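Undergrad: Residues 4 to 414 (the working numbering) are what the sequence shown spells out, left to right. Note that CB positions come from ideal geometry on N, CA and C, so glycine has one too. Computed from a predicted structure; not experimentally measured.
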Amino acid sequence: MHKNLTKHILLALLFGVIAGLILNFVPESIFSRLDTYVLTPVGDIFLNLITMLVVPIVFISISLGTASLKDPVQLGRIGGKTIGFYLITTTIALVIGLSLAYLIQPGAEGAFDTQGVEYEAEEAPPIMDTLLNIIPDNPVNAMAEAEMLQIIAIAIFFGVALAKLGDKTAGLHRLLEQGNEVMMFLVRIVMYTAPYGAFALIASAVGAAGVDGLQQMLMYMITIILGLVLHAGITYSLAIRVLGKKSPVHFFKSFFPAMTVAFSTASSSGTLPISMRTAQERLGVSKKVSSFVQPLGATINMDGTAIMQAVATVFIAQVWGADLAFSQLVMVVLTATLASIGTAGVPGVGLIMLSMVLQQVGLPVEGIALVLGVDRLLDMLRTSLNITGDAACAYVIDRSEQGKDTASDSV
Ligand code: ASP
Numbered sequence: 004m005h006k007n008l009t010k011h012i013l014l015a016l017l018f019g020v021i022a023g024l025i026l027n028f029v030p031e032s033i034f035s036r037l038d039t040y041v042l043t044p045v046g047d048i049f050l051n052l053i054t055m056l057v058v059p060i061v062f063i064s065i066s067l068g069t070a071s072l073k074d075p076v077q078l079g080r081i082g083g084k085t086i087g088f089y090l091i092t093t094t095i096a097l098v099i100g101l102s103l104a105y106l107i108q109p110g111a112e113g114a115f116d117t118q119g120v121e122y123e124a125e126e127a128p129p130i131m132d133t134l135l136n137i138i139p140d141n142p143v144n145a146m147a148e149a150e151m152l153q154i155i156a157i158a159i160f161f162g163v164a165l166a167k168l169g170d171k172t173a174g175l176h177r178l179l180e181q182g183n184e185v186m187m188f189l190v191r192i193v194m195y196t197a198p199y200g201a202f203a204l205i206a207s208a209v210g211a212a213g214v215d216g217l218q219q220m221l222m223y224m225i226t227i228i229l230g231l232v233l234h235a236g237i238t239y240s241l242a243i244r245v246l247g248k249k250s251p252v253h254f255f256k257s258f259f260p261a262m263t264v265a266f267s268t269a270s271s272s273g274t275l276p277i278s279m280r281t282a283q284e285r286l287g288v289s290k291k292v293s294s295f296v297q298p299l300g301a302t303i304n305m306d307g308t309a310i311m312q313a314v315a316t317v318f319i320a321q322v323w324g325a326d327l328a329f330s331q332l333v334m335v336v337l338t339a340t341l342a343s344i345g346t347a348g349v350p351g352v353g354l355i356m357l358s359m360v361l362q363q364v365g366l367p368v369e370g371i372a373l374v375l376g377v378d379r380l381l382d383m384l385r386t387s388l389n390i391t392g393d394a395a396c397a398y399v400i401d402r403s404e405q406g407k408d409t410a411s412d413s414v
């Protein structure tokens, strides 16, 4: 991504925050009209523009990535390491979130009124269904519904076939390579609209949260933000330093442009085209590893979301004056990890996962209503961490694969 573009996005975010704060002082009817007819549509156009590229990019890049692996064992090895990294970092994220929530006590009893609090929980997909459905019975449907895990499965099959058939399918291989060029070109074009989208999305989020709402939820927000910072500063930094043998500062600096886009969109899946490109071009991750590890991560790895869920669970327990036993905390870790596997990285999905966790440990799902008002802002922040975790994993695995494969990285 162009350096100036990142600057423009950052400036747009800053102006957006200011505009959102100012909008708190205009009458509600004016804000809601402005939000409905200007901010939300501009934000949605930007979101749609980049989301429309996700399915073709994921399919094409994973097919090409798989086709370039000379040996299927390599795919299994990369897959195993990726899932191991994701599970370990998500567990650490949850432990950080739970510890901070106990330390800071954002929901200290008496500070919140639980009378009349209502929330209609959305159904989360049962985890077994998600796992069984990884192999789709209808590939067209999988693409139409943007079912990421299913698309990944089809693309792997396709790529293996391309590799095995070799010269016989050289034309098709070339077609995919050209498709990849077209997609990358489109990403570049679409990104020119990013500053407008970023401005509209943050202004709408700050305006909707309201200054009062932000003040009341300050401790809750601080706990989560601290968790996000600690996870990036300790867990990812250590992984990059120890496993990737590189300076974490270089890693975060190089990946920062993608983080600003994730912040604006609050969608890991939507940001995929940018996060893959940034990892490949600025961090030097091979296309073969990036195109496999990052789309998988956008679906199954959400450390920022995990931190939010841990903090929110303890917060709601504190507000309702409920004590969580150690076994319930273990349950939080297990459910939150499993829930993240089955849900795609799109805005607001963290709350659906949270309702699963709350139900599992017997806390009132209505508690979600308390955190709802500030959730979009936190969603923006945690999505930035979510995709950073995917990139850190891609970086570490790419380094560990170097020298193990003599074939060129010709995707
Ligand atoms: N918006 C997040 C993501 O796309 C998921 C969430 O926490 O709601 O990664």
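(1) Look up residue 84 in the DSSP assignment and say whether it is helix, strand or coil.
(2) Does the structure place the stretch 347-359 close enough to the stretch 372-381 that three or more beta carbon pairs sit under 8 Å?
(3) With three or more C-beta pairs closer than 8 Å as the rule, is the stretch 247-267 touching the stretch 30-37?
(4) Going by beta-carbon coordinates alone, are residue 302 and residue 131 separated by less than 7 Å?
(5) For residue 53, which option in 261, 101, 85 and 342 has the closest C-alpha, if you only look at C-alpha atoms?
(6) Whose beta carbon lies closer than 6 Å to any heavy atom of the ligand ASP, going through the chain in order?
(7) Does DSSP classify residue 38 as helix, strand or coil?
(8) Going along the chain, which residues of its own chain have a beta-carbon closer than 6 Å to the beta-carbon of residue 316, five neighbours each way excluded?
(9) When we look at the beta-carbon of residue 177 and count the other beta-carbons within 10 Å, is it buried (16 or more) or exposed?
(10) Say the cut is 6 Å; is the CB of residue 267 nearer than that to a heavy atom of the ligand ATP?
(11) Counting Cβ pairs closer than 8 Å, one from the stretch 199-210 and one from the stretch 49-67, do we hit at least three?
(12) Under 8 Å: do the stretch 276-288 and the stretch 362-377 share three or more Cβ pairs, one atom per stretch?
(13) Measuring only between beta-carbons, confirm whether residue 292 sits less than 7 Å from chain C.
(14) Using CA coordinates, which residue listed in 272, 110 and 194 is at the minimum distance from residue 415?
(15) Count the CB pairs spanning the stretch 230-240 and the stretch 96-109 that are closer than 8 Å, and state whether there are at least three.
(16) Does the beta-carbon of residue 75 have 16 or more other beta-carbons within 10 angstroms, so that it is buried, or is it exposed?
(17) In whole angstroms, give me the CA-to-CA distance for residue 344 and residue 304.
(18) Pull up the distance between the alpha-carbon of residue 250 and that of residue 186, whole angstroms please.
(19) Do you know how far the Cα of residue 283 is from the Cα of residue 11?
(20) Ignore the nearest five residues each way along the sequence and tell me which others in residue 1's own chain have a CB closer than 7 Å to its CB.
(21) Distance, Cα to Cα, residue 57 vs residue 217?
(22) Thinking just about the alpha-carbon of each residue, which of 24, 370, 310 and 94 is nearest to the one in residue 232?
(23) Would a C-beta distance cut-off of 7 Å place residue 298 and residue 190 closer than the cut-off?
(24) Measure the alpha-carbon distance for residue 371 versus residue 389 and round it to whole angstroms.
(25) If you run the structure through DSSP and keep just helix, strand and coil, what is residue 158?
(26) Once DSSP output is grouped into helix, strand and coil, what is the label at residue 9?
(27) Write down every uninterrupted run of the alpha helix (DSSP H) in the stretch 261-308 whose length is 4 residues or greater and which is fully enclosed by it, in chain order.
(28) For residue 14 and residue 307, what's the separation of their Cα atoms in angstroms?
(29) Given a threshold of 16 other Cβ atoms within 10 Å of its Cβ, counted over all protein chains shown, does residue 291 qualify as buried or as exposed?
(30) Using alpha carbons as the reference points, say which of 384, 338 and 396 lies closest to residue 228.
(31) Mind the definition here: the stretch 61-81 touches the stretch 158-173 only if three or more C-beta pairs lie below 8 Å; say whether that holds.
(32) Exposed or buried, which one is residue 373 when buried takes at least 16 other CB atoms within 10 Å?
(33) Answer yes or no: do residue 340 and residue 92 have a C-beta to C-beta separation smaller than 7 Å?
TA: Let me lay it out:
(1) Look at residue 84 here: in three-state DSSP terms it is helix.
(2) Flag = yes, the stretch 372-381 and the stretch 347-359 touch.
(3) Segments in contact, no.
(4) No; because the gap between Cβ atoms is not below 7 Å, this pair is not in contact.
(5) Of the candidates 261, 101, 85 and 342, the one whose C-alpha sits nearest the C-alpha of residue 53 is 261.
(6) Taken from the N-terminal end onward, the list reads 269, 270, 271, 305, 308, 348, 349, 350, 351, 352, 353, 382, 385, 386 and 389.
(7) Note: residue 38 maps to helix in three-state DSSP.
(8) Hits under 6 Å: 335 and 360.
(9) Of the residues assessed, residue 177 falls on the exposed side of the cut-off, its CB having fewer than 16 other CB atoms within 10 angstroms.
(10) What this structure holds is the ligand ASP, not the ligand ATP.
(11) Because the criterion of three Cβ pairs below 8 Å is met, the stretch 199-210 and the stretch 49-67 touch.
(12) Flag = no, the stretch 276-288 and the stretch 362-377 do not touch.
(13) Looking for chain C here will not work: only one protein chain is present.
(14) Lying outside 4 to 414, the shown extent of the chain, residue 415 is not represented and no answer is given.
(15) Enough Cβ pairs lie closer than 8 Å, so yes.
(16) By the 10 Å Cβ count, residue 75 comes out exposed.
(17) If you draw a straight line from the Cα of residue 344 to the Cα of residue 304, it comes to about 7 Å.
(18) Whole-angstrom Cα-Cα distance: 31 Å.
(19) Approximately 22 Å, taken between the alpha carbons.
(20) Residue 1 lies beyond the residue range present for the chain, which begins at 4 and ends at 414; the question has no answer from this structure.
(21) Distance between the alpha carbons of residue 57 and residue 217: 33 Å.
(22) Check the Cα spacing between residue 232 and each of 24, 370, 310 and 94: the tightest is with 310.
(23) Pairing residue 298 with residue 190 gives a Cβ-Cβ distance that is not under 7 Å.
(24) Cα-Cα distance, rounded: 21 Å.
(25) Under the three-state reduction of DSSP output, residue 158 falls in the helix class.
(26) Of the three classes helix, strand and coil, the one that applies to residue 9 here is helix, per DSSP.
(27) Assignment of alpha helix (DSSP H) within the stretch 261-308, counting only whole runs of 4 or more residues, yields 271-285 and 290-303 in chain order.
(28) In this model, residue 14 and residue 307 are separated by some 24 Å (Cα to Cα).
(29) So residue 291 counts as buried.
(30) Per the Cα distances, 384.
(31) Touching, yes, given that three or more Cβ pairs across the two stretches are closer than 8 Å.
(32) Result: buried.
(33) Result no, Cβ atoms of residue 340 and residue 92 do not sit closer than 7 Å.
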